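Right, one structure below, let's go through it.
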Amino acid sequence: MKKMLMMFASMFVLFATLTGCAPTSDTIKIGVNLELTGPVAVYGVPEKLAFEMAVDEINKKGGINGKLVELVIYDNAYDSAKAVENATKLATVDKVVAMLGAATSAPSLAIGPLAKEFEVLSFTPSGTNLMVTRDGDQVNPFVFRAAFIDPFQGKVLANFASEGLSAQRAVIMGSNSSDYAKDLASIFSTQFSANGGSVLDTLYYSDPDKDFSAQLTAIQALGEFDVLFVADYAERAGLIIGQARAAGLMMPIIGPDGFESPDLNGLAGGAANVTDVFFSTHFTTLSEDKVIQDFVAAHVAFTGNEPSALSALAYDTIYMLFAAIEKAGTDPVKIRDALASTTGFKGVTGTISFDAFNDPVKSAVIVELQGGEAVNATVVNP
Amino acid sequence: MTQFLQQIINGLSIGSVYALVALGYTMVYGIIKLINFAHGEIFMVGAYLAMIFITVFNFPLWAAMLGSMAGSALLGIVIEKVAYKPLRKSSRTAALITAIGVSFLLQNAMLLIMGARIYTFPQVFQNTSWIFFGLRINTLQIMMFLTSIALMISLQFIVLKTKVGRAMRAVAVDKEAAALMGVDVNHTISMTFALGSALAGAAGVMVGLYYISMTPYMGFAPGLKAFVAAVFGGIGIIPGAMFGGFAIGIIETLVAGYGSTLFKDAVVYAILIIVLLVKPSGLFGKGGKEKV
C-alpha cells in the first residue's frame with residue numbers, strides 16, 4: 005500500500021512538472037542578442053524596446069498560430085566574444101526558433117558563422133557593414149538584415165544632390181578612421197560624377213579631430229561649390245556644420261544616417277546653424293502614412309518616447325519574422341526559407357523585399373533640417 | 005594671401021588652447037620638476053565641472069568658470085597630496101609613471117561617472133563673428149587669445165613679484181635650504197598645484213565653449229600637444245609655454261590647410277623630437293641654469 009502511495013505520489017509529481025512545463029514548450033521562443041550595455045547601448049536599448057512592444061502587441065492578439073511569443077534576451081555589451089557566447093546559448097540551450105540582433109556590425113559579423121553552423125536565423129535590424137550577410141563572396145543563407153547598406157546611402161545622397169539640389173560641384177569631407185565614412189565618400193563621389201557633377205576635393209580627417217577650421221578655410225579657396233557632403237556621424241558632422249557656418253560656408257550640407265542624433269544641434273553650436281542640412285535615413289516620424297503614424301502613437305504609449313530609426317527597423321525586423329513564423333511554423337530552417345521569400349512587406353521603414361544577398365530592397369528617406377528642426381521628408385526609391 | 009592669414013588666425017585660436025594648457029604644465033614643472041601628465045585630465049574635469057554648474061545649477065558663465073577653477077585647484081591639491089607627495093624622495097621616473105597612472109585614473113573615473121557618451125557644452129555665450137579685410141574672427145577666438153596672454157602675464161607676475169612666487173622659486177632651487185629659511189615647502193607645492201590646476205580648469209571651460217563636444221578623453225590629445233608646446237618654448241619657462249602653444253597651433257593648422265590633417269600630429273611630434281635633439285632647453289631656454 006505504502007509502495008502504491010509512493011508511486012502515485014511520484015506520478016503526481018511527474019505529471020505536475022510535465023503540465024508545469026507545458027505552457028513554456030508551447031510558446032514560440034525568439035532569441036535577442038543586443039548591445040544593452042557598453043559604448044553602443046544607445047543602439048541596442050531602443051531596439052529591445054521595439055521588440056518587446058511588438059511581442060506585447062502580437063500576444064494581445066493571441067500570438068502566432070495560437071502560440072504566444074516569448075523573447076529570450078541576452079546582452080552582448082558590444083563585445084564580439086560575448087555575442088558569440090550568447091548566440092551559442094540561444095541556439096543550443098534555449099533552442100530559439102530564430103535570433104534577432106545584433107544592433108551593430110561588429111557583433112553581427114561575429115554571430116554570422118554560428119547562425120550558419122546551427123542553422124538558426126540571425127536577423128539584424130541595423131548592422132550595415134556589407135559583410136554581415138556575406139560568407140566570403142557568397143551569401144550567408146542564415147543572416148538577414150532590415151537596414152539598407154552604406155553603398156545604397158551613398159548613391160541615394162549623390163542622386164539627391166544632383167536632382168533634388170541641382171548641385172554641379174561638390175566637396176566631400178570624411179573621417180579616415182571608419183569604413184563607414186570611406187565607403188560612403190567613394191560611392192558618393194562615383195555616383196555624383198556619373199550624374200555629370202564634379203567633386204572638387206575629398207578631404208579626410210582623423211576621428212579625434214575637433215578643429216576643422218584649417219580644412220574649411222582651404223576648401224573656401226577652391227572656389228564656389230553647391231553642396232558639402234560630410235560622410236560621418238553626428239559626433240563630428242555637428243562640429244563641421246557649426247564651424248562651416250561660422251566660416252561663412254552657407255551651402256547645403258548633406259550626410260548619411262549618422263547625422264541623426266539628439267546632439268546634432270548642440271554640437272553645431274545652436275539650432276540656427278543646422279539650416280539647409282539634409283540627411284538620408286531609414287525612417288521619419290514626419291510621414292503622414294497611417295502605418296507609420298499608428299506605429300509612432302503605439303511607441304509613445306508603450307515607451308513614453310517617439311521612435312527613432314532604430315526602433316522602426318527593429319519593429320519591422322520582428323514583424324517580418326512573425327510573418328515568416330506564421331507561414332512556416334516553428335522549424336528554424338523553414339522559417340529562414342519563408343523569410344527569404346518575403347516580398348512587398350509593408351513596414352514602417354518602407355516596402356521591403358530581400359535580394360539574393362539577404363539585403364533589403366527598400367526606399368530611403370531624405371530629411372531636411374531647417375533651424376535644427378526636421379521640416380520635410382522625401383522618399384527616394386532605389 | 006587672405007587664405008594664409010585666415011589660417012594664421014585659425015592657428016592662433018587653436019594655439020591659445022595649447023597655450024592655456026601649457027602654462028599650467030610648465031609652471032608645475034618649473035617648481036617641482038614633475039611632468040604632470042594628469043594635467044590634461046584636470047583640464048577635462050574642469051570642462052565637465054563647468055558644464056554641470058551651468059546645466060544643473062544654472063550658474064552664469066563667469067561663476068561656472070570660477071567654480072570650475074576652484075574645483076580643479078582642489079583636485080590638483082588632492083592629487084599632489086595623495087599621489088605625488090609620498091614619492092617626492094623617489095626617482096623622477098617613479099613620479100612620472102604615477103602621473104600617467106593618475107591621468108588614466110581620472111579618465112576612467114569620469115567614464116564611470118558620466119559614461120562614454122558625448123556631452124555638449126551649453127551655448128551660454130553669444131559668439132558673434134566679424135569680417136575684417138576678408139578675414140573672419142569671432143568673439144571666442146579673441147577671448148581665448150587674450151585670456152592666454154593675460155594668464156601668462158599674471159602667472160609671470162605671481163612667480164616673480166609676490167611672496168608666494170618667491171617661495172616657489174626658492175623651493176625650485178633647493179627644497180631643504182628653502183625649508184631652513186622658513187619657507188613652508190608643502191604649502192608652497194600645494195599652492196603651485198592649485199594654481200596650475202586652476203589654469204587647466206579655466207582652459208577646459210574655454211575649450212568647452214569653443215569646441216562644444218566633451219568626452220572623458222578630451223584632455224588627452226590637447227594635454228600631449230600642450231606638453232610639446234611647453235617643451236618647444238622651454239619647459240619651466242612661462243612665456244615660452246605661451247609662445248610654444250601659439251607656434252604649435254599655427255604649424256598644425258598650416259600643415260592641415262596646405263597638406264593634410266592626417267600629417268599634422270606627426271609633424272607636431274616630429275618637432276618634439278627635433279627640439280629634444282637639437283635644443284633640449286627649448287626656444288627660450290638658456291641651458292644649464294635652473295629654470296623657474
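If you read the sequences in order, they're chains A and B.
Just so we're on the same page, our numbering is the position in the first sequence counted from 1, plus 4.
Just so we're on the same page, our numbering is the position in the second sequence counted from 1, plus 4.
Every residue gets a Cβ at the ideal spot worked out from N, C-alpha and C, and that includes glycine.
All figures in this text were calculated on a predicted structure; none of them were measured in a lab.
Within 8 angstroms of any Cβ in chain A, is that where the Cβ of B/R140 sits? Interface residue, yes.
Is DSSP giving B/M69 helix, strand or coil here? Helix.
Would a C-beta distance cut-off of 8 angstroms place A/D220 and A/A251 closer than the cut-off? Here residue 220 of chain A is Leu; the residue named in the question, Asp, does not match the sequence. Yes, Cβ-Cβ distance for A/L220 and A/A251 is below 8 angstroms.
A/F349 (DSSP reduced to helix, strand or coil): When DSSP states are grouped into helix, strand and coil, A/F349 belongs to the strand group.
Give me, in chain order, the residues of the same chain whose beta-carbon lies closer than 7 angstroms to that of A/V49; leave out the 5 immediate sequence neighbours on both sides. Residues of the same chain with a CB within less than 7 angstroms of the CB of A/V49, apart from the 5 flanking positions on each side, are L40 in chain order.
What span of residues does the beta strand (DSSP E) with B/R173 cover, start to end? Counting along the chain, B/R173 falls outside any beta strand (DSSP E), though it belongs to the alpha helix (DSSP H) covering 167 to 177.
Which of the three DSSP states is assigned to B/F149 in this structure? Secondary structure of B/F149 (DSSP, three-state): helix.
Could you tell me which uninterrupted alpha helix (DSSP H) segments, each at least 4 residues in length, are contained entirely in the region 274 to 346 of chain A, listed from first to last along the chain? DSSP assignment within the region 274 to 346 of chain A yields the following whole alpha helix (DSSP H) runs of 4 residues or more, N-terminal first: 294 to 307, 313 to 332, 336 to 344.
From the beta carbon of A/D215, is the nearest beta carbon of chain B less than 8 angstroms away? Yes, contact with chain B.
List the residues of chain A that B/G212 touches, going by C-beta distances under 7 angstroms, in chain order. In chain order: nothing, as chain A lies at least about 11 angstroms away.
Where does A/R149 fall in DSSP's three states? Under the three-state reduction of DSSP, A/R149 is assigned to strand.
By how many angstroms is the C-alpha of B/V177 removed from the C-alpha of B/T257? As the crow flies, the alpha-carbon of B/T257 is around 38 angstroms from that of B/V177.
So, for A/I32: in the same chain, excluding its five sequence neighbours on each side, which residues have a beta-carbon less than 8 angstroms away from its beta-carbon? The residues are G67, I68, K71, L72, V73, E74, V101, I329, T334.
Is the beta carbon of A/A87 closer than 8 angstroms to that of A/P117? The answer is no: Cβ separation not under 8 angstroms.
Per DSSP, which residues does A/F358 bridge with? Please list them. Partner(s): A/P364.
I'd like the list of long-range same chain contacts for A/T355, defined as Cβ closer than 8 angstroms, with 5 residues on each side in sequence excluded. Result list for A/T355: G348, F349, K366, S367, in chain order.
For A/I77, which beta-bridge partners are listed by DSSP? According to DSSP, which records beta bridges pairwise, A/I77 is partnered with A/V36.
Every unbroken alpha helix (DSSP H) inside the region 207 to 255 of chain B [4 residues or more]: Complete alpha helix (DSSP H) runs here, min 4: 224 to 237.
Assess contact between the region 46 to 61 of chain B and the region 241 to 257 of chain B, defined as three or more Cβ pairs (one per stretch) separated by less than 8 angstroms. Is contact present? Taking 8 angstroms as the limit for Cβ pairs, the verdict is that the region 241 to 257 of chain B does not touch the region 46 to 61 of chain B.
Where A/A275 and B/G186 are concerned, what is the direct C-alpha to C-alpha distance, given to the nearest angstrom? One Cα belongs to A/A275, the other to B/G186, and the distance between them is close to 58 angstroms.
Roughly how many angstroms lie between the CA atoms of A/K294 and A/V384, to the nearest whole one? A/K294 and A/V384 have their C-alpha atoms some 19 angstroms from each other.
Cross-chain neighbours of B/N14 in chain A, by beta carbon under 7 angstroms: In chain order: S217, A218, T221.
Helix, strand or coil: which one does DSSP assign to B/E45? Look at B/E45 here: in three-state DSSP terms it is helix.
On the DSSP bridge list, what partners appear for A/I68? Within the DSSP secondary-structure output, A/I68 pairs in a beta bridge with A/K71.
Of all the options A/L104, A/V97, A/G375, which has the alpha carbon lying nearest to the alpha carbon of A/P319? The question names Pro, but residue 319 of chain A is Tyr in the sequence shown. Among A/L104, A/V97, A/G375, the Cα nearest to that of A/Y319 belongs to A/L104.
Beta-carbon proximity of B/G237 to B/L287, cut-off 8 angstroms: A contact, by the Cβ cut-off of 8 angstroms.
Do you know how far the Cα of B/T151 is from the Cα of B/F161? If you take the alpha carbons of B/F161 and B/T151, they lie about 15 angstroms apart.
Going by alpha carbons, who is nearest to A/V143 out of A/L134, A/I223, A/A301? Ranked by how close their Cα comes to the Cα of A/V143, the residues A/L134, A/I223, A/A301 have A/L134 in first place.
Between B/V209 and B/G71, what straight-line distance do the alpha-carbon atoms span, to the nearest angstrom? Answer to the nearest angstrom: the Cα atoms are 10 angstroms apart.
Round the Cβ separation of A/A241 and A/G270 to the nearest angstrom and send it over; I've been treating them as touching at under 8 angstroms. Actually they are not in contact, since the Cβ atoms of A/A241 and A/G270 sit about 12 angstroms apart, beyond 8 angstroms.
Evaluate contact between the region 164 to 172 of chain A and the region 224 to 241 of chain A, counting only Cβ atoms and requiring at least three cross-stretch pairs below 8 angstroms. Touching, yes.
Would you list the one or two residues that DSSP bridges to A/L373? Paired residues: A/V281, A/A378.
Less than 8 angstroms separating the beta-carbons of B/A230 and B/A26? Yes, these two residues count as a Cβ contact at 8 angstroms.
Range of the contiguous beta strand (DSSP E) that encloses B/I39: Segment: none, B/I39 is in no beta strand (DSSP E) and carries neither H nor E.
Keeping to the same chain, check which residues put their C-beta closer than 6 angstroms to that of B/F63; ignore five residues upstream and five downstream. Taken in chain order, the residues that qualify are F57.
A/N380, buried or exposed, once every other Cβ within 10 Å from all chains shown has been counted against 16: The residue in question, A/N380, is exposed, as its Cβ has fewer than 16 Cβ neighbours within 10 Å.
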